[in-house]
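Asker: Numbering (the working numbering), first residue to last: 147 to 599. Built from N, CA and C at the ideal position, the CB exists for glycine as well. This one's a predicted model, so the numbers in the text were calculated from it and none came from an experiment.
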């Protein structure tokens with residue numbers, strides 16, 4: 147784990163760790179060397195989920211299948227525990243209970259996605275609107291607002307309607323653009339009087355609804371930070387920034403400057419599609435979890451072109467036998483909070499300091515089925531992950547980065563795409579053996595204390 151300057155904060159981490167690992171400790175009594183007052187008054191704190199990962203209710207109330215419904219059904223071997231999101235954590239039926247938990251914790255906002263195939267079972271307006279699906283999202287939005295919680299809506303989180311995959315192979319076809327625009331337009335029209343923050347589409351909202359609904363639209367992009375494996379190597383330094391251009395700049399550069407990064411154009415050339423006139427996103431969502439080492443790869447494959455080959459970079463998570471940060475339950479996720487700080491400064495300097503929301507940031511614990519609930523909720527490592535990242539985020543804001551909000555991933559344990567239910571990302575514990583009962587983890591108590599102090 148990267149070192150944090152300041153003895154008071156180090157003292158806090160030690161105390162929090164001891165409390166989290168002591169049997170019978172009371173998590174609500176953690177000392178707080180800093181809290182939400184360290185952030186701007188209008189800063190938003192929240193947590194998030196995605197429809198397929200939490201809602202369940204996969205085949206009821208008129209919902210059409212998504213590609214993830216089909217994939218997990220037809221290829222259970224691709225999921226570590228051969229599970230599905232058919233039930234998830236049953237958020238579809240238990241949203242009122244969960245909203246009360248959000249309120250108890252003091253969340254300002256909740257980030258969730260709309261299931262395209264729940265509101266449009268065939269993926270198209272012409273295929274019919276599902277009134278029960280629309281009712282669910284209306285009820286959820288209204289319940290959030292009634293409890294003082296702002297909805298932050300993701301319009302597409304990987305669960306493409308299966309009907310569009312069957313018809314024209316989904317986003318491999320340009321036909322998907324018109325159907326996606328129609329779906330997004332429907333959501334803006336139906337929910338936009340109450341939802342003021344949206345990801346991930348731009349033009350339909352800006353042209354038709356922004357002036358009347360006063361909302362903000364943007365895109366959410368996942369990226370790591372990259373450190374030169376050999377800090378004195380000019381080639382490795384270039385490789386680290388090149389990897390950022392390929393992973394992050396690939397999307398953000400066109401939104402900011404109307405074209406791909408120069409290094410991508412130089413390497414990939416005519417294989418990149420051409421842009422028409424584009425509008426800039428009004429907000430930028432950034433998903434940050436970890437950092438990698440980057441080393442120059444001067445001899446990529448010149449025959450079989452690939453994304454990893456084009457970037458001419460070799461990524462790793464260790465150097466000299468030492469991991470880049472504290473390991474977690476996932477082999478790609480090492481705790482390196484300073485990477486968030488470095489990434490924020492990079493975006494500020496390179497991309498005109500746009501309004502940024504940290505839309506995902508979180509830690510995976512292993513799902514140890516042998517642990518009793520009272521032990522499983524003691525997630526001291528998550529507390530340290532959360533505290534360190536918030537400390538560095540506060541530092542970035544004080545240095546002028548235009549960060550507007552932070553969303554912890556995830557609000558509760560849920561289905562994770564390839565890992566199924568073998569790992570736990572949640573602030574709140576789900577007892578999968580006891581009617582999906584919810585329990586606040588120690589990290590949830592810590593976050594509550596941080597927010598309500």
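#1: Is the beta carbon of residue 442 closer than 8 Å to that of residue 381?
#2: Can you give me the start and stop residues for the beta strand (DSSP E) that residue 584 sits inside?
#3: Would you mind working out which of 394, 228, 378 sits nearest residue 368, comparing C-alpha positions?
#4: If you compare alpha carbons, which of 511, 249, 366 is closest to residue 567?
#5: Could you give the uninterrupted runs of the alpha helix (DSSP H) lying entirely in the segment 245 to 308, keeping only those of 4 residues or more?
#6: Pick helix, strand or coil for residue 456, following the three-state DSSP scheme.
#7: Quick one: grab the DSSP three-state call for residue 549.
#8: In or out: residue 221 buried (at least 16 other Cβ within 10 Å) or exposed?
#9: Classify residue 377 as buried or exposed, calling it buried when 16 or more other Cβ atoms lie within 10 Å of its own Cβ.
#10: Measuring only the C-alpha atoms, how far is residue 149 from residue 213?
#11: If you draw a straight line from the alpha carbon of residue 593 to that of residue 365, how long is it in whole angstroms?
#12: Under 8 Å by Cβ, that's how I've got residue 507 and residue 434 pegged, so tell me the actual separation to the nearest angstrom.
#13: Determine the extent of the alpha helix (DSSP H) in which residue 214 is found, giving its start and end residues.
#14: Here's the rule: buried if 16 or more other CB atoms are within 10 angstroms of the residue's CB, otherwise exposed. What is residue 314?
#15: Looking at the secondary structure, which residues open and close the alpha helix (DSSP H) in which residue 193 lies?
#16: Look at the Cβ atom of residue 232, then the Cβ atom of residue 202, and state whether they are nearer than 8 Å.
#17: Where does residue 430 fall in DSSP's three states?
#18: Sort 401, 415, 301, 419 by Cα distance to residue 338 and report the nearest one.
#19: Taking only three categories from DSSP, how would you classify residue 599?
#20: Can you say whether residue 327 is buried or exposed, counting buried as having 16 or more other CB atoms within 10 angstroms of its CB?
#21: Extract the residue ranges of the beta strand (DSSP E) inside the segment 452 to 525, only unbroken runs of 3 or more that lie entirely within it.
#22: Return the CA-CA distance between residue 416 and residue 533, expressed in angstroms with no decimal places.
#23: Below 8 Å on the Cβ atoms is my guess for residue 199 versus residue 234; work out the distance and round it to an integer in Å.
#24: Who are the near neighbours of residue 589 in its chain, counting only those whose CB is closer than 7 Å to its CB and skipping five residues on each side?
#25: Between residue 307 and residue 263, which are expected to be in contact by the criterion C-beta below 8 Å, what is the C-beta distance as a whole number of angstroms?
#26: Rank 266, 272, 270, 289 by C-alpha distance to the C-alpha of residue 278 and give the top, closest one.
#27: Suppose you measure from the CA of residue 400 to the CA of residue 333; what does that come to, to the nearest Å?
#28: Would you call the CB atoms of residue 546 and residue 583 closer than 8 Å?
#29: Excluding the five sequence neighbours on either side, which residues of its own chain have a C-beta within less than 6 Å of the C-beta of residue 543, listed in chain order?
#30: If you check the beta carbons only, do residue 282 and residue 540 fall under 8 Å apart?
#31: For the segment 553 to 560 against the segment 497 to 507, are there 3 or more C-beta pairs whose distance is under 8 Å?
#32: Kindly indicate which three-state DSSP category residue 228 falls into: helix, strand or coil?
#33: How long is the line joining the alpha carbons of residue 396 and residue 405, rounded to whole angstroms?
#34: So, at 8 Å on beta carbons, what are the nonlocal neighbours of residue 228 in its own chain, with the 5 sequence-adjacent residues on each side left out?
#35: Should residue 191 and residue 597 be called a contact, given that it needs their Cβ atoms to be closer than 8 Å?
Answerer: In terms of the structure at hand:
#1: Position 235 of the chain shown, counting from 1, holds the residue named residue 381. Position 296 of the chain shown, counting from 1, holds the residue named residue 442. Going by C-beta atoms, residue 381 is nearer than 8 Å to residue 442.
#2: Along the chain shown, one-based indexing puts residue 584 at 438. Residues 583 to 586.
#3: Counting from one through the chain shown, the residue named residue 368 turns up at place 222. Ranking 394, 228, 378 by CA distance to the CA of residue 368 puts 394 first.
#4: Counting from one through the chain shown, the residue named residue 567 turns up at place 421. Nearest option by C-alpha distance: 511.
#5: Counting only runs of at least 4 residues, the segment 245 to 308 fully encloses the following alpha helix (DSSP H) elements, listed from N- to C-terminal order: 262 to 265, 277 to 292.
#6: For this step, residue 456 is matched to residue 310 along the chain shown. Correct three-state label for residue 456: helix.
#7: Position 403 of the chain shown holds residue 549. Strand at residue 549.
#8: What you label residue 221 is simply residue 75 of the chain shown in a count that begins at 1. In the assembly as shown, residue 221 is an exposed residue. Its beta-carbon has fewer than 16 other beta-carbons within 10 Å.
#9: In the chain shown, counting from the first residue as 1, residue 377 sits at position 231. That one is exposed.
#10: Position 3 of the chain shown, counted from the first residue, corresponds to residue 149. Position 67 of the chain shown, counted from the first residue, corresponds to residue 213. Reliability fails at residue 149, whose pLDDT of 34 lies under 50, so the model's placement of it is uncertain and no value is given.
#11: To locate residue 593, count along the chain shown from 1; it is residue 447. To locate residue 365, count along the chain shown from 1; it is residue 219. If I take the Cα positions, the gap works out to 26 Å.
#12: Numbered from 1 along the chain shown, position 361 holds the residue referred to as residue 507. Numbered from 1 along the chain shown, position 288 holds the residue referred to as residue 434. Under the criterion of beta carbons closer than 8 Å, residue 507 and residue 434 qualify as touching, at roughly 6 Å.
#13: The count along the chain shown starts at 1 and reaches residue 214 at position 68. Element bounds for residue 214: 213 to 220.
#14: Along the chain shown, read from residue 1 onward, the residue named residue 314 stands at position 168. A residue is called buried once 16 or more other Cβ atoms fall within 10 Å of its Cβ, and residue 314, having fewer, is exposed.
#15: The sequence position of residue 193 within the chain shown is 47, counting from 1. Unbroken run through residue 193 is the beta strand (DSSP E), 190 to 194; no alpha helix (DSSP H).
#16: The sequence position of residue 232 within the chain shown is 86, counting from 1. The sequence position of residue 202 within the chain shown is 56, counting from 1. It is a contact, given that the beta carbons lie within the stated cut-off.
#17: Looking up residue 430 in the chain shown gives position 284. Strand at residue 430.
#18: Numbered from its first residue, the chain shown carries residue 338 at position 192. With respect to the C-alpha of residue 338, the residue from 401, 415, 301, 419 having the closest C-alpha is 301.
#19: Translated into the one-based positions of the chain shown, residue 599 becomes position 453. DSSP, read as helix, strand or coil, puts residue 599 in coil.
#20: Locating residue 327 in the chain shown gives position 181, counting from the first residue. Looking at its Cβ environment, which holds fewer than 16 other Cβ atoms inside 10 Å, residue 327 is exposed.
#21: Within the segment 452 to 525, the complete beta strand (DSSP E) segments of 3 residues or longer fall at 459 to 462, 502 to 506, listed in chain order.
#22: Numbered from 1 along the chain shown, position 270 holds the residue referred to as residue 416. Numbered from 1 along the chain shown, position 387 holds the residue referred to as residue 533. Here the alpha carbons of residue 533 and residue 416 stand approximately 45 Å from one another.
#23: Position 53 of the chain shown, counted from the start, is the residue given in the question as residue 199. Position 88 of the chain shown, counted from the start, is the residue given in the question as residue 234. Residue 199 to residue 234, Cβ: 6 Å. Contact.
#24: For this step, residue 589 is matched to residue 443 along the chain shown. Here the set comprises 525, 528, 529, 532, 573.
#25: What you label residue 307 is simply residue 161 of the chain shown in a count that begins at 1. What you label residue 263 is simply residue 117 of the chain shown in a count that begins at 1. Between residue 307 and residue 263 a beta carbon distance of about 4 Å is seen, short of the 8 Å cut, so the two are scored as contacting.
#26: Position 132 of the chain shown holds residue 278. Residue 266 is the option with its Cα nearest to residue 278.
#27: Translated into positions along the chain shown, residue 400 becomes position 254. Translated into positions along the chain shown, residue 333 becomes position 187. For residue 400 and residue 333, the distance between alpha carbons rounds to 25 Å.
#28: Indexing the chain shown from 1 puts residue 546 at position 400. Indexing the chain shown from 1 puts residue 583 at position 437. No.
#29: Within the chain shown, the letter at position 397 stands for residue 543. Correct list, in chain order: 549.
#30: Position 136 of the chain shown, counted from the start, is the residue given in the question as residue 282. Position 394 of the chain shown, counted from the start, is the residue given in the question as residue 540. No. Outside cutoff.
#31: As far as the Cβ criterion goes, the segment 553 to 560 touches the segment 497 to 507, which means the pair count is three or higher.
#32: Taking the chain shown and counting its residues from 1, the one referred to as residue 228 is at position 82. The DSSP-derived three-state label of residue 228 is coil.
#33: Locating residue 396 in the chain shown gives position 250, counting from the first residue. Locating residue 405 in the chain shown gives position 259, counting from the first residue. Looking at the two C-alpha atoms, the distance is approximately 9 Å.
#34: The count along the chain shown starts at 1 and reaches residue 228 at position 82. The beta carbon of residue 228 sits closer than 8 Å to the beta carbons of 222, 566 from its chain, once the five residues preceding and following it are set aside; these are given in chain order.
#35: Start at 1 with the first residue of the chain shown, and residue 191 comes out as number 45. Start at 1 with the first residue of the chain shown, and residue 597 comes out as number 451. One thing to note: residue 191 has its Cβ within 8 Å of the Cβ of residue 597.
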